[in-house]
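Asker: Numbering of the sequence shown is given in our numbering, commencing with residue 1347 and proceeding in unit increments.
From the three backbone atoms N, C-alpha and C, an ideal C-beta is built for every residue, glycine too.
This structure is a prediction, so every number in the text was calculated from the model and none was measured.
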Amino acid sequence: MAVTLTRGLWVGQGACSTPAQSAMQAQRIKGRHHMQDEVLATIEASAPRRWLALAVLTILGGLLIYVAVVTPPELIWQVFLIVLGALTLWLAQRMFQATAGRVEMTATELRGSDGTVIARIADIEGLDRGVFAFKPSNGFLLRTSVPGERTWQPGLWWRMGRRIGIGGVTPGSQTKFMAEMLSAMMAERDGTLPR
């Protein structure tokens, strides 16, 4: 059977002899692509946790700078308090930006709502939700086969080499659901899904 490219579709000769059949095949291909890109689960910051974390960081940063200016200790301590206060305010601003987004899971990848690929499902080797795991609050830890660049979205997710932490100021119900879906997808992929 000869294969030709017709209007962006690879079709076998005689397989799509009419425009209607070509359109149906195009819809099937588009549908398969859409299924891979369909969002299966999301994790968003919980509004009360987000605002509480932002308030605590902002107040802490402001207090550190206030103490350094109003009751100045020795110069080295004053500089230390001002720098620490500024870093805390910067962290609050970064958390505000990061928690405005969300983590999305599709059939092929975990990604941020801005399109940043956190991890491909095929690269995930392990998932840990245990009490003693080095993971974010209300979250889980992933181990991947491929190391990625270090990234930190405070309150939502982080990546250090082959380890990825998902969670922070997120609801436990959303992270638990995503972790269970990931576990099922990994078991199906590895052929260890109980029948």
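Since L1403 and M1441 should fall inside the 8 Å C-beta cutoff, what is the C-beta to C-beta distance between them, to a whole number of angstroms?
Answerer: Yes, L1403 and M1441 are in contact; Cβ-Cβ is about 7 Å, under 8 Å.
Asker: What span of residues does the beta strand (DSSP E) with I1464 cover, start to end?
Answerer: From DSSP, the beta strand (DSSP E) with I1464 extends over V1463 to R1466.
Asker: Please classify W1504: is it buried, with 16 or more other beta-carbons within 10 angstroms of its beta-carbon, or exposed?
Answerer: When all chains shown are included, W1504 counts as buried.
Asker: Along the beta strand (DSSP E) that carries E1471, what are the first and last residues, could you check?
Answerer: Looking at the DSSP string, the run of the beta strand (DSSP E) that includes E1471 is I1470 to D1474.
Asker: Within the same chain, show all residues whose beta-carbon is closer than 7 Å to that of G1511, passing over the 5 residues directly before and after it, in chain order.
Answerer: Result list for G1511: K1481, P1482, G1485, L1487, W1503 and W1504, in chain order.
Asker: Give every residue of the same chain whose Cβ lies closer than 6 Å to the Cβ of V1492, excluding the five residues on either side of it in the sequence, and list them in chain order.
Answerer: D1469.
Asker: Per the contact definition of three or more C-beta pairs closer than 8 Å, is the segment 1524-1533 in contact with the segment 1458-1473?
Answerer: Output reads yes: the segment 1524-1533 touches the segment 1458-1473.
Asker: So, for W1498: in the same chain, excluding its five sequence neighbours on each side, which residues have a beta-carbon less than 6 Å away from its beta-carbon?
Answerer: Result list for W1498: W1504, in chain order.
Asker: Alpha helix (DSSP H) containing T1521: first to last residue?
Answerer: Element bounds for T1521: G1518 to D1536.
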